[in-house]
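Comments concern the structure below.
Residue numbers (our numbering): 13 to 52.
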């Protein structure tokens, strides 16, 4: 069964958005950690 190009495109976009969101989360966590570290 051949997958339609649009579907493939949407799937890739979803993965891209997920990765960007994950990056943001990691960045926020890292920032909080460094702030906590500075307070100590």
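Glycine included, C-beta positions come from ideal geometry on N, C-alpha and C.
These numbers come from a predicted model, not from an experiment.
Checklist line | Straight-line gap, residue 18 to residue 24 (C-alpha atoms, nearest Å) | finding: Here residue 18 is taken as the residue at index 6 of the chain shown, counted from 1. Here residue 24 is taken as the residue at index 12 of the chain shown, counted from 1. Going from the Cα of residue 18 to the Cα of residue 24 covers about 10 Å.
Checklist line | Local conformation of residue 16 per DSSP, three classes | finding: Taking the chain shown and counting its residues from 1, one reaches residue 16 at position 4. Secondary structure at residue 16: coil, using DSSP grouped into helix, strand and coil.
Margin query: Rounded to the nearest angstrom, what separates residue 16 and residue 22 at their Cα positions?
Written below: Reading the chain shown from its first residue, position 4 is the one you call residue 16. Reading the chain shown from its first residue, position 10 is the one you call residue 22. Distance between the alpha carbons of residue 16 and residue 22: 10 Å.
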